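Which chain is which? The protein sequence lines are Z and F, in order.
The opening position of the first sequence corresponds to residue 1 in full-length UniProt numbering, with each subsequent residue numbered one higher.
The opening position of the second sequence corresponds to residue 1 in full-length UniProt numbering, with each subsequent residue numbered one higher.
What follows is a set of notes on a single structure, which appears directly below.
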Amino acid sequence: MEPAKMASPKSAPKDAQVMAQILKDMGITEYEPRVINQMLEFAYRYVTTILEDAKIYSSHAKKASVDADDVRLAIQCRTDQSFTSPPPRDFLLDIARQKNQTPLPLIKPYSGPRLPPDRYCLTAPNYRLKSLQKKVSSSAGRITVPRLSVGAVSSRPSTPTLGTPSAQTVAVSTKVGTPVSLTGQRFTVQIPSSQGAVKAATPTTPTVQNVLINPSLIGPKNILITTNMVSSQAAAGEANPLKRKHDEDDDYDTL
Amino acid sequence: DRQTLVAVLQFLRRSNLRESEEILRREARLLGDDLGSSVGTVASSSPGVAAVAAVPPGKGEVRAGIAGLFSGAGDRPLPAGSLETGRPLWLSQPLGGGVVVEDQPDVSAVLSAYNQQGDPALYEEYYSGLKHFIECSLDCHRAELSQLFYPLFVHMYLELVYNQHESEAKSFFERFHGDQECYYQDDLRVLSSLTKKEHMKGNETMLDFRTSKFVLRISRDSYQLLKRHLQEKQNNQIWNIVQEHLYIDIFDGMPRSKQQIDAMVGSLAGEAKREANKAKVFFGLLKEPEFDVPLDDEDEEGENEEGKPKKKKPKKDSVGSKSKKQDPNAPPQNRIPLPELKDSDKLDKVMNMKEAARRVRLGPECLPSICFYTFLNAYQGLTAVDITDDSSMIVGGFADSTVRVWSVTPKKLRSVKTAADLSLIDKESDDVLERIMDEKTASELKILYGHSGPVYGTSFSPDRNYLLSCSEDGTVRLWSLQTFTCLVGYKGHNYPVWDTQFSPYGYYFVSGGHDRVARLWATDHYQPLRIFAGHLADVTCTRFHPNSNYIATGSADRTIRLWDVLNGNCVRIFTGHKGPIHSLAFSPNGRFLATGATDGRVLLWDIGHGLMVGELKGHTDTIYALRFSRDGEILASGSMDNTVRLWDAVKAFEDLETDDFTTATGHINLPENSQDLLLGTYMTKSTPVVHLHFTRRNLLLAAGAYSSQ
């Protein structure tokens, strides 16, 4: 970091000189020259915000002018909002005591990649493909998108969940109001048949090649798609084939 | 004083505390002129004290004054918290009005003297009086008593600020801040900016400092001297502060010299109480499972526990200790649940052993070669580096929130094939692990995007499947090194996370951040398993002990704490650094800990006894990297002063005086042997050293970003 170049007293405005002096008093000797500008901007923005808030409070209290109490109130409200500080020590000690009382959980053997439940992972695809209503498949598959009610997928790590089958996808939308994380709860699995048309797999017809949707496991909460593929940690592997299909989205109507 | 006694008697009578009054009267008459001890024996009547304490809040100041008088005169040293009066109200009450005193002229006249504790003008006098006393005391006591200056100064200053005597606070500061020790100057600068009560409110560290007790270790003789002085004169103000804010840990023995004291002080809370370092710590290593090492590669043999040989042909080369006896200092195997060894882990261990056989034995005659990895064009953005245990990959965390992984070996980084392609491979082939990799994605560098703030800590998992990164955005992210995508974001700290590390056995990891706690997580739990709270300032560095049962955390409050993973207790507190700690390293045998901080010193600690055993001076700037060699013979330290230094660890740890006296009193006699222990200093070209790593064959790798000035 280059040493601070002090602007000559003639050219630097007084504010900048004051800021440079403050930095010096606090023991900061090395800083880029732009730091002074940034600090001044911050100071200006902070002060105007506080004073505007104070004006609002004072007019709310129907006072003739803004006084110190208004400013104090404004500062206090802003501090709670923007300059949060970490929790106080006794609070931390309290929750630490609570947390540390529970014994360490035992580790299940042979459980593959040890990850939290899928809802807390970032491994699900965060998009779904639109329905392909225009194209009619000659192989007698209805193109309607099956509406499987899907909640969280319980990960069975021994078999990859949603391991995208070779080129088979089932479009699914969520009905259950599960907390939708950024990754969403939608699982798009697309099934091109030999003609390249899209065949939808319904929950009741598990005859799709390489995709076995166990109907008994489909409930309001879970859907388990098992495949017979070997995949070591294919949790995020499905992103790739799905990305290819993404372009075709624009050709179709919205769902 | 006689007047005071009379006033107190009157007060007791007035409050209908007959019994206490009788006792006081009796005791007062028993003794002659020595008024001090007469009042002293009264203190032993705790009901009297408690009764005095039960005064309505309006007389808070009065009560505090009397309480100070009573407790201050006790013959046995009272720890400051023994008085069950809670926090004296005079701290929080505005001093605008005077004391609401009974309309008894005698009492009020005397007790108004106690009102003076609020009188700011007298603070300077008290302080300079104490200063004069200490400077005139005997040499042997002076060093110990000088410890009092700093905490007293800070507390008196804070009191003045809290009670809104701004100008007095300022003049008090001006007059005395130059007298403090040099290593407190940074704190004093921060303190000088705190001029109003409102400033104190948002500052957690200041609040913690005020509410926690500053610990001082003073020998009994010095303590007696101090007490006698503070009770002779009208020095109750200082005595009150001592009672309220200081914890004086008294030991029997020789007073310490200035050098000894200087080595141990510096933290925001003084030193550590001796009993804080008394818990038993299992610093031994866990036993490794034993299995046969095949001579040839193709002879990959099954392994079995307990070293029973299966075949006669392969040479038995047990990994673990030969003796079946449990090391008394090692934790039981199942003290904390650890993941079982997978086949890939066992293969890894076999590789490790083979490499270990070819390891170079280091020593003062045989120094390691150092290979430096310079990150170019990082524009001061390199904030974290880690290298895998087998030295195959290096990761850099950057201020632009990216995490970049490089392959150090000629073998490129590949991600796993897509599920589509995976179904086509032959699962039974021998090289299936090669076939699942997608050749099209082979590259030397992989960039991982996901964080929304500078990445301050990175850590590879021991099995090289996962990578952790922690960032200023408050999350810790787990990345898969098979697919090079992000798997989980662990949210818990809501403030910047400064450091994270995987456990040596995988599965657990620890993170520490700005919220002053360290958290223990497991990869399959979205919430932390343990919270280690106790530091007074940010946790800047977190490391696992080699047996994964303990975690060391270094903090900006200049202490290092050792925590037990099993129950979250703090089992050791090490003070002595004069600046925030930025690097920690456990020795491979688990017995010692080396720490480096912004003060440029490396301190060595014996974990079992809880003592400082060495101090390595030489660096001139913050030490960001510390690493012991694979067998613990050499300690390497890398610092912002662009050097890597090698120290002789074997010599530093031999001949430790750990007899009962040392452990009981915590006295240490550090030999000034930094020069002897220094084996070499290696300069880089204006590249601060951020990370150090010994390969399995004891080659030293170092990493840093070239900064062009």
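Cβ coordinates follow ideal geometry from the N, Cα and C atoms, glycine included.
No experiment lies behind these values; they were computed from the predicted model shown.
For F/Phe484, write down the residues that DSSP places opposite it in a beta bridge. Beta-bridge pairing links F/Phe484 to no other residue.
Can F/Phe214 be considered in contact with the ligand FMN, in the sense that its beta carbon sits closer than 7 Å to one or more heavy atoms? Although the ligand FMN was asked about, the structure shown includes no ligands whatsoever.
With which residues is F/Ser555 paired in a DSSP beta bridge? F/Val539
Go ahead and pull the three-state DSSP assignment for F/Asp421. helix
List the DSSP bridge partners of F/Glu615. F/Leu603
Since F/Met640 is in the beta strand (DSSP E), which residue starts that stretch and which ends it? Premise fails: F/Met640 is in no beta strand (DSSP E) and is neither H nor E.
Using DSSP with H/G/I as helix, E/B as strand and the rest coil, what is Z/Thr174? Summary for Z/Thr174: the model assigns pLDDT 39, below 50, so the residue's position carries little reliability; its value from the coordinates is reported in the next sentence. Looking at Z/Thr174 - three-state DSSP - the assignment turns out to be coil, as it is neither helix nor strand.
Hey, how far is the Cα of F/Glu125 from the Cα of F/Leu188? 20 Å
Within the 8 Å Cβ cut-off, does Z/Leu224 reach chain F? Summary for Z/Leu224: the model assigns pLDDT 42, below 50, so the residue's position carries little reliability, and this model does not support an answer.
How do the segment 336–350 of chain F and the segment 627–636 of chain F stand: do at least 3 beta-carbon pairs fall below 8 Å, yes or no? no
Alpha helix (DSSP H) containing Z/Ile75: first to last residue? 68–82
Smallest Cα separation from F/Lys287: which of F/Arg26, F/Thr475, F/Asn329? F/Asn329
Out of F/Asn547, F/Ser257, F/Ala652, F/Asp631, which one is the CA nearest neighbour of F/Arg359? F/Asp631
Could you give the distance in angstroms between the alpha-carbon of F/Ser193 and the alpha-carbon of F/Leu678? 40 Å
Secondary structure, alpha helix (DSSP H): runs of 4+ residues fully inside the segment 669–695 of chain F: 674–677
Helix, strand or coil at F/Leu145 [DSSP, three-state]: helix
If you drop the 5 nearest sequence neighbours on each side, which residues of the same chain put their C-beta closer than 8 Å to that of F/Ala169? Pro120, Tyr157, Leu160, Val161, Thr195
If we ignore side chains and look at the alpha-carbon of each, how far apart do Z/Thr48 and Z/Ala68 end up? 15 Å
I think F/Gly178 touches F/Val215, with their Cβ atoms under 8 Å apart; what is that distance to the nearest whole Å? No, F/Gly178 and F/Val215 are not in contact; Cβ-Cβ is about 25 Å, not under 8 Å.
Unbroken beta strand (DSSP E) run spanning F/Ile387, endpoints: 382–387
Among the candidates F/Ile573, F/Asp390, F/Gln501, whose CA atom is the shortest distance from the CA of F/Ala276? F/Ile573
Pairwise C-alpha distance: F/Asp438 and F/Ser429: 16 Å
How would you list, in chain order, the residues of chain A whose beta-carbon sits under 7 Å from the beta-carbon of Z/Met39? The structure shown contains no chain A; the protein chains it does contain are Z and F.
Would F/Leu478 and F/Thr441 qualify as a contact pair, given that the criterion is a beta-carbon distance under 8 Å? no
When the Cα atoms are used, what is the spatial distance from F/Ser137 to F/Leu145? 9 Å
What did DSSP end up calling Z/His60 once you bin it into helix, strand or coil? helix
Going by Cα to Cα distance, which pick from F/Gly568, F/His577, F/Arg696 is closest to F/Arg361? F/Arg696
At a Cβ cut of 7 Å, what residues of the segment 473–504 of chain F count as close to chain Z, listed as they run along the chain? Ser480, Gln482, Thr483, Thr485, Cys486, Leu487, Val488, Gly489, Tyr495
Thinking F/Gly284 and F/Gly590 are a contact (beta carbons under 8 Å), I'd like their distance in whole angstroms, please. 6 Å
Taking 8 Å as the CB-CB limit, is Z/Pro31 close to chain F? For the record, residue 31 of chain Z in the displayed sequence is Tyr; it is not Pro. No, because no Cβ of chain F sits closer than 8 Å to the Cβ of Z/Tyr31.
DSSP three-state assignment for F/His582, whether helix, strand or coil: strand
Looking at F/Gly450: is its Cβ nearer than 8 Å to the Cβ of F/Cys486? yes
Classification of F/Lys578 by the beta-carbon crowding that lies within 10 angstroms, buried from 16 upward: buried
Note down the Cα distance separating F/Glu340 from Z/Lys108, rounded to an integer number of angstroms. 9 Å
Nearest candidate by alpha-carbon position, reference F/Gly385, set F/Val565, F/Val190, F/Leu5, F/Leu692: Reading off the sequence, residue 385 of chain F comes out as Val, not Gly. The shortest Cα separation from F/Val385 among F/Val565, F/Val190, F/Leu5, F/Leu692 belongs to F/Leu692.
As assigned by DSSP and simplified to three states, the class of F/Val281: coil
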